[in-house]
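**Q** Structure provided below as structure tokens; questions to follow.
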Ligand code: GLY
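Numbering (the working numbering), first residue to last: 124 to 494.
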């Protein structure tokens, strides 16, 4: 005899949330946290951000009579793994965190990914807010709900979509951000221009000096435009069935380069190189004209994302096959076939599969000629 018992779970969910962008957001944050009324707020951050900002935020929360605590882990992409997640969860338990508590992800992309992942698995899920402190986290990783950790064999292989309750982008943090980190974030902003907004790309071309001087109006403009592009895509395709893949322009190659370098090459630089290589592929296929390719090359290099020795140390002719193999493990791959996001023009991309490995290798060699 067979019995079929149906579990009906039709959801009507509203997971909408606000991204507040501005300066000196402390008061806004404290008022919100009081209003949200969680049993406890736990800042999850790395050891570097803890010293720079975490301890101060914790003290300010306590001063504002908000029940709070802090857990930190050793900074760096190489610690973005399940062992770090387990350690943080044990610590949360030790500190009396419960299901009504809220995690505050304070830091860059690695922190946001780990803290968001911790929040979504701890006691089967607690709420979390994002306070990104790097440009890259402000315009990309803190928005859209992708959280997760790496496996040895690939980036973000363990993870889920878990949207934050709110995101606070305080551009004050950018005043003291190292230039290399500003460049890292610029890679994702240039990416947004190439995939969806020609005017943003042109703005960066014309105002790069203002951005590097950290002028408020320039920073606000590129952050607000980027956030708008990303949120529009996420609203239409939260779980990345197709459209959201466009946000992965430069990432198929970039993630493989990062992995090959044992994560010594930072994400932004990996993505920048990936954009150069993937644009070259598009040019070779006759999809992107040589003038637009040149503009992409120039802007990426002017943004400080050019090819330094660290790239050649990490990837060379001998591991070209390995690089392509890593690309085949990309999460966008379908039945082993890599799906590339390729530009048709600045401001417009398309998804293309069934590319020959040789074309990919030739394009890599074109971009990294010293190989
Ligand atoms: N960083 C790509 C995405 O959020 O989909």
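Ideal placement from N, C-alpha and C gives every residue a C-beta, glycine not left out.
(1) Let me check you understand the geometry: is the CB of residue 269 closer than 7 angstroms to at least one non-hydrogen atom of the ligand GLY?
(2) Identify the continuous alpha helix (DSSP H) that holds residue 326 and give its terminal residues.
(3) Measuring CA to CA, which of 450, 407, 413, 124 is closest to residue 393?
(4) Looking only at its own chain, which residues have a Cβ that is under 7 angstroms from the Cβ of residue 386, when we skip the five neighbours before and after it?
(5) Please tell me whether residue 176 and residue 256 are closer than 8 angstroms, where the distance is taken between their beta carbons.
(6) Using a Cβ-Cβ cutoff of less than 7 angstroms, which residues in the same chain neighbour residue 286 once the five nearest sequence positions on both sides are dropped?
(7) For residue 125, which of helix, strand or coil comes out of DSSP?
(8) Would the beta-carbon of residue 70 fall within 8 angstroms of that of residue 215?
(9) Output needed for residue 463: all residues of its chain with C-beta closer than 8 angstroms, excluding positions within five of it in sequence on either side, in chain order.
(10) Is residue 160 helix, strand or coil by DSSP?
(11) So is the beta-carbon of residue 307 under 7 angstroms away from any non-hydrogen atom of the ligand GLY?
(12) Quick one: does the C-beta of residue 363 sit closer than 7 angstroms to a heavy atom of the ligand GLY?
(13) Any heavy atom of the ligand GLY closer than 7 angstroms to the CB of residue 281?
(14) Using a Cβ-Cβ cutoff of less than 7 angstroms, which residues in the same chain neighbour residue 494 once the five nearest sequence positions on both sides are dropped?
(15) So, helix, strand or coil for residue 494, using DSSP?
(16) The ligand GLY and residue 263: does the residue's C-beta get closer than 7 angstroms to at least one heavy atom of that ligand?
(17) When you compare the region 361–376 with the region 458–472, are there three or more beta-carbon pairs, one atom per stretch, that lie closer than 8 angstroms?
(18) Compute the Euclidean distance between the alpha carbons of residue 343 and residue 335, then round it to the nearest angstrom.
(19) Please name the residue, chosen from 448, 197, 350, that lies closest to residue 144 on a Cα-to-Cα basis.
(20) Is it right to say residue 340 is buried, meaning 16 or more other beta carbons lie within 10 angstroms of its own, or is it exposed?
(21) To the nearest angstrom, report how far apart residue 359 and residue 367 are at their CA atoms.
(22) My parser needs the beta strand (DSSP E) runs of 3 or more residues fully inside the region 396–456; what are they?
(23) Is residue 129 near the ligand GLY, judged by its Cβ being under 7 angstroms from some heavy atom?
(24) Using the rule of at least 16 other Cβ atoms within 10 Å of the residue's Cβ for burial, across every protein chain shown, is residue 389 buried or exposed?
(25) Compute every distance between the C-beta of residue 425 and the non-hydrogen atoms of the ligand GLY, then say whether any falls below 7 angstroms.
(26) Just to confirm the assignment, what range does the beta strand (DSSP E) spanning residue 473 have?
(27) Using 8 angstroms as the threshold, is the C-beta distance between residue 210 and residue 233 below it?
(28) State yes or no: is the C-beta of residue 367 nearer than 7 angstroms to some heavy atom of the ligand GLY?
(29) Tell me the DSSP secondary structure of residue 467 in three-state form.
(30) Would you grab the beta carbon distance between residue 292 and residue 240 for me? Rounded to a whole angstrom, and I think it's under 8 angstroms.
(31) Which residues mark the beginning and the end of the alpha helix (DSSP H) in which residue 216 is found?
(32) Apart from the five residues on each side of it in sequence, which residues of its chain come closer than 7 angstroms, Cβ to Cβ, to residue 127?
(33) Report the residue from 322, 337, 331 whose alpha carbon sits nearest the alpha carbon of residue 348.
(34) Quick check: what's the CA-CA separation for residue 378 versus residue 453?
(35) Let me make sure I understand the geometry here. Which of 418, 364, 395 has the alpha-carbon closest to that of residue 457?
(36) Going by alpha carbons, who is nearest to residue 496 out of 251, 230, 157, 305?
**A** Inspection of the coordinates gives the following:
(1) yes
(2) 321–335
(3) 450
(4) 200, 201
(5) In this structure, residue 176 lies near residue 256, with their beta-carbon atoms less than 8 angstroms apart.
(6) 138, 140, 268
(7) coil
(8) Here the chain covers residues 124 to 494 and nothing more, so residue 70 does not appear.
(9) 375, 401, 404, 474, 475, 476, 478
(10) coil
(11) no
(12) yes
(13) No, the Cβ of residue 281 stays beyond 7 angstroms of every heavy atom of the ligand GLY.
(14) Per-residue confidence for residue 494 stands at a pLDDT of 48, beneath the threshold of 50, marking its modelled position as unreliable; no derived number is given.
(15) Residue placement at residue 494 is poorly supported in this model, since its pLDDT is 48, which falls under 50; the coordinates are not used for a value here.
(16) Yes, since a heavy atom of the ligand GLY falls inside the 7 angstroms radius drawn around the Cβ of residue 263.
(17) yes
(18) 13 angstroms
(19) Just measuring C-alpha positions, the residue of 448, 197, 350 sitting nearest residue 144 is 350.
(20) exposed
(21) The straight-line gap separating the alpha-carbon atoms of residue 359 and residue 367 is approximately 8 angstroms.
(22) none
(23) Placement of the Cβ of residue 129 at a distance of 7 angstroms or more from every heavy atom of the ligand GLY is found.
(24) buried
(25) No, since every heavy atom of the ligand GLY falls outside the 7 angstroms radius drawn around the Cβ of residue 425.
(26) For residue 473, the enclosing beta strand (DSSP E) covers residues 471–475.
(27) no
(28) yes
(29) In the structure shown, residue 467 falls within a strand segment according to DSSP collapsed to helix, strand and coil.
(30) Rounded, the Cβ-Cβ distance is 21 angstroms, inconsistent with contact.
(31) Start and end: 205–217.
(32) none
(33) Distance check between residue 348 and each of 322, 337, 331 places 322 closest, using alpha-carbon atoms only.
(34) 8 angstroms
(35) 364
(36) A question about residue 496 goes unanswered here, because the residues of the chain that appear run from 124 up to 494.
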